[in-house]
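For reference, the structure discussed in these notes is given below.
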Amino acid sequence: MSRSLALPHSPASVRARQRLREMAIEWALRACAFSAVAGLVLIVVFVFKEAWPILSNPETQKEASLAGFVATPLWQPVGEVPKYGLIPLLTGTVKVVLIAMLFAVPLSVLAAVYSSEFAPPRVREVLKPAIEMLAGIPSVVMGFFALMVLASWLQSVTHSPMRLNALTAGIALGLGIIPTIFTVAEDALRAVPRSFREASLGLGASAWQTAWHVSLPAASAGVGAGVLLGLGRAVGETMIVLMASGNAAITSADAFDSVRTLSASIAAELAEVVVGSPHYSTLFFLGALLFTVTFLINVAAGAFVERLRKRLAGA
Amino acid sequence: MKRNPLILTLIAATLVTAPVLAGKAITVKGSDTMVILGQRWAEKYMNENAGQVIMVTGGGSGTGIAALINGTTDVCQSSRSMKQDEKLKLRDRYQTMGIEIPVAKDGLAVYVHTANPVKELTVEQLGEIYMGNVTNWKQVGGPDATIILYGRENSSGTYGFFKEHVLKNKDFSARVQTLPGTAAVVNAVAKDPNGIGYGGAAYAKGVRDVGMKKDAGAAAVLPTAATVKDGSYPLSRPLFFYLRKAPSGDTKKFVDWVLSAEGQKLAVEVGYFPLN
Numbered sequence: 034m035s036r037s038l039a040l041p042h043s044p045a046s047v048r049a050r051q052r053l054r055e056m057a058i059e060w061a062l063r064a065c066a067f068s069a070v071a072g073l074v075l076i077v078v079f080v081f082k083e084a085w086p087i088l089s090n091p092e093t094q095k096e097a098s099l100a101g102f103v104a105t106p107l108w109q110p111v112g113e114v115p116k117y118g119l120i121p122l123l124t125g126t127v128k129v130v131l132i133a134m135l136f137a138v139p140l141s142v143l144a145a146v147y148s149s150e151f152a153p154p155r156v157r158e159v160l161k162p163a164i165e166m167l168a169g170i171p172s173v174v175m176g177f178f179a180l181m182v183l184a185s186w187l188q189s190v191t192h193s194p195m196r197l198n199a200l201t202a203g204i205a206l207g208l209g210i211i212p213t214i215f216t217v218a219e220d221a222l223r224a225v226p227r228s229f230r231e232a233s234l235g236l237g238a239s240a241w242q243t244a245w246h247v248s249l250p251a252a253s254a255g256v257g258a259g260v261l262l263g264l265g266r267a268v269g270e271t272m273i274v275l276m277a278s279g280n281a282a283i284t285s286a287d288a289f290d291s292v293r294t295l296s297a298s299i300a301a302e303l304a305e306v307v308v309g310s311p312h313y314s315t316l317f318f319l320g321a322l323l324f325t326v327t328f329l330i331n332v333a334a335g336a337f338v339e340r341l342r343k344r345l346a347g348a
Numbered sequence: 002m003k004r005n006p007l008i009l010t011l012i013a014a015t016l017v018t019a020p021v022l023a024g025k026a027i028t029v030k031g032s033d034t035m036v037i038l039g040q041r042w043a044e045k046y047m048n049e050n051a052g053q054v055i056m057v058t059g060g061g062s063g064t065g066i067a068a069l070i071n072g073t074t075d076v077c078q079s080s081r082s083m084k085q086d087e088k089l090k091l092r093d094r095y096q097t098m099g100i101e102i103p104v105a106k107d108g109l110a111v112y113v114h115t116a117n118p119v120k121e122l123t124v125e126q127l128g129e130i131y132m133g134n135v136t137n138w139k140q141v142g143g144p145d146a147t148i149i150l151y152g153r154e155n156s157s158g159t160y161g162f163f164k165e166h167v168l169k170n171k172d173f174s175a176r177v178q179t180l181p182g183t184a185a186v187v188n189a190v191a192k193d194p195n196g197i198g199y200g201g202a203a204y205a206k207g208v209r210d211v212g213m214k215k216d217a218g219a220a221a222v223l224p225t226a227a228t229v230k231d232g233s234y235p236l237s238r239p240l241f242f243y244l245r246k247a248p249s250g251d252t253k254k255f256v257d258w259v260l261s262a263e264g265q266k267l268a269v270e271v272g273y274f275p276l277n
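Next comes the structure, spelled out in structure tokens:
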């Protein structure tokens, strides 16, 4: 306890002053901690408040309403008759995120298995920071790379008619979330007690059998948390998809069609809308939707981590 | 000689901020199409008028008009006319409908890849292409290949102009890929043998302009100074300055200079077209 640090022979006034200082510091720290929470609450309240007219204001609902979001097949919010169909945007978001996950999850989980189970310490010392450095690349740089280099290369391989498409954006997005999944999964794998591995190897299992049948299942909750955190990032990531996806609001299952995502629509359009207009409320509604989805994903990831801790503690 | 860095910094800071502090800076904001033009005007004008600061930023015509309404810019550059509801908002705040000053003309060029054999289109064909009714180049005299559509974000004045004058206010095809900025559209078309895009004529580098025909019987016209000026190019538009009230003082001097022979000549150098 820091409060009892005062020397026993110091006079009472010194002790009192010290106590006061300690209290002041504690309050200052508490204020810091809660200012972040206050920021979060304010943002949430603001986003939901700006989206509220969609549900409450009849004037707004004439142009943009929940029924219209589902029934309108087109996203064309500017024009004589504005059209706010969310289906193309939702399809686009799901498509890009799915491709990103299909690309990133196997790569990063297997990389984590290699790094934690097989790699000699010297290789690991290079590998881990190198993969984590991917997270340090600004997403706008990643997006630009996808736009200029990756898109051309992919088109020369796949011969898709659209140069910018869901595949390009999905792979670029996958590169962006690999560090998230890798780091969490690797930490979870390394947290698996040595005794598990030793028991398995002692019973005659090979290194690969140990990694696949013992370490990975034991760390599965942590790996799951990493995957979910990556998913949360992929859903909300904006800059990469804005630059690499072509942003055409097409409803289709084709990975070679251009896509427009929820986050990219907000980024592209919010700066221009008239404050309080139906278009403005709709964009905030998209924001609220995104927030809710990523929030739920993060809560689920938290639950996974909790389960992992309990399992390893109980082992 | 030993210099005191602090004093130097202070002097530099004073030099930079003094005109702003004195309230002399003119802020110009709006159309992405016009941002290069506005910057060139500002640079030249500032060279000739020491002490005058003009800050030019883009963001789109809508952003500029919103800034004019919110009072965060002195001059708004716009590639479209102000809408009625925007004028009403301005009236609510400032009891004025705003001042519209045409400052130059722009030809809305239609670009294709340099290898594309299609040399001309009618405005109607262009509309059909962008509405998604014509989807293959062979339908307009080109090779058998899917047309890849590129356009601007729905926030841009160019998008609004195109929707109104080419699509006659009908909806764009969902397959139009929207890119931020005309330069991005030009870049995409330059890389895409089957691409088509539109934007300000000043940007057409590495792509080929398509000749536009008013209707099937008319001759194809390319966007050049002469054709935009005399109105024979079908897709030309005026570019505007918007102000809250009639210009006065430094702003008036700047606007007058933009409209002078010197300012108009600069517009031509940048790739736009003069008013007269």
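Heads up: the protein sequence lines correspond to chains A and B, in order.
If you count the first sequence from 1, position 31 lands on 64 in my numbering, and the numbers rise without skipping.
If you count the second sequence from 1, position 162 lands on 163 in my numbering, and the numbers rise without skipping.
Every residue, glycine too, gets a C-beta built ideally from N, C-alpha and C.
Because the structure is a prediction, the values reported are computed rather than measured.
Start-to-end residues for the alpha helix (DSSP H) that takes in residue i
i, result
"B/A110", "First-last for B/A110: 100-113, but that is the beta strand (DSSP E), not the alpha helix (DSSP H)."
"B/I66", "62-71"
"B/T183", "183-192"
"B/T159", "158-166"
"A/G209", "199-223"
"A/G259", "253-269"
"A/I299", "295-302"
"B/I27", "It is not in any alpha helix (DSSP H) - B/I27 instead sits in the beta strand (DSSP E) that spans 27-31."
"A/S68", "45-84"
"B/L260", "250-260"
"A/T162", "The residue asked about is misnamed: residue 162 of chain A is Pro in this sequence, not Thr. Note, A/P162: alpha helix (DSSP H), 154-166."
"B/A43", "36-49"
"A/S185", "184-191"
"A/L180", "Where A/L180 is concerned, there is no enclosing alpha helix (DSSP H), given that its DSSP letter is neither H nor E."
Whole-Å CB distance - residue i paired with residue j, under 8 Å assumed
i, j, result
"B/V211", "B/V113", "6 Å"
"B/A53", "B/D251", "The sequence shown places Gln at residue 53 of chain B, rather than the Ala named in the question. Sure, about 6 Å apart at Cβ, within 8 Å."
"A/Y117", "A/T126", "A/Y117 to A/T126, Cβ: 16 Å. No contact."
"B/K206", "B/V187", "6 Å"
"A/L222", "A/V159", "That pair is no contact at about 18 Å."
"B/M213", "B/A221", "7 Å"
"B/G158", "B/T179", "Their Cβ separation, rounded to whole angstroms, is 14 Å, which puts B/G158 and B/T179 out of contact at 8 Å."
"A/F67", "A/T191", "The Cβ separation is near 51 Å, so there is no contact."
Residue range of the unbroken beta strand (DSSP E) whose run includes residue i
i, result
"B/R176", "Where B/R176 is concerned, there is no enclosing beta strand (DSSP E), given that its DSSP letter is neither H nor E."
"B/E125", "Looking at the DSSP string, B/E125 is not in any beta strand (DSSP E); the run it does join, the alpha helix (DSSP H), is 124-132."
"B/M213", "212-214"
"B/T58", "55-58"
Check whether residue i and residue j have beta carbons under 7 Å apart
i, j, result
"A/V350", "A/V326", "Only positions 34 to 348 of chain A appear in the structure, and residue 350 of chain A is not among them; the question remains open."
"A/T294", "A/V129", "yes"
"A/S285", "A/L122", "no"
"B/G201", "B/T34", "yes"
"A/G203", "A/I132", "yes"
"A/G207", "A/A277", "no"
"A/F81", "A/A321", "yes"
"B/K88", "B/I70", "no"
"B/A68", "B/K25", "no"
"B/G143", "B/S174", "no"
"B/Y234", "B/G108", "yes"
"A/T216", "A/R230", "no"
"A/S149", "A/E219", "yes"
"A/A205", "A/R196", "no"
"B/S127", "B/V167", "Reading off the sequence, residue 127 of chain B comes out as Leu, not Ser. Yes, the pair counts as a contact, with Cβ atoms nearer than the cut-off."
"A/I87", "A/S314", "yes"
"B/P224", "B/A105", "no"
Beta-ladder partner(s) of residue i, from DSSP
i, result
"B/F242", "B/Q78, B/I102"
"A/W108", "A/Y117"
"A/V138", "In DSSP, A/V138 forms no bridge with anything."
"B/L150", "B/I197"
"B/N137", "B/T147"
"A/G279", "A/V292"
"B/V222", "B/M213"
"B/S237", "B/G108"
"B/F274", "B/K106"
"B/L180", "B/R153"
"B/E121", "B/G212"
Note to self: Within 8 Å, do at least three Cβ pairs link the segment 280-297 of chain A to the segment 43-50 of chain B?
What the structure shows: Output reads no: the segment 280-297 of chain A does not touch the segment 43-50 of chain B.
Note to self: Quick test of the definition: if touching needs 3 or more C-beta pairs under 8 Å, does the segment 207-222 of chain A touch the segment 154-173 of chain A?
What the structure shows: Yes, the segment 207-222 of chain A is in contact with the segment 154-173 of chain A.
Notebook entry, point to check: Any chance the segment 66-80 of chain B sits against the segment 238-249 of chain B, with 3 or more Cβ pairs inside 8 Å?
Noted result: The answer is yes - the segment 238-249 of chain B touches the segment 66-80 of chain B, with three or more Cβ pairs under 8 Å.
Margin query: Check whether the segment 334-348 of chain A and the segment 250-267 of chain A are in contact - that is, three or more C-beta pairs closer than 8 Å.
Written below: A contact exists between the segment 334-348 of chain A and the segment 250-267 of chain A.
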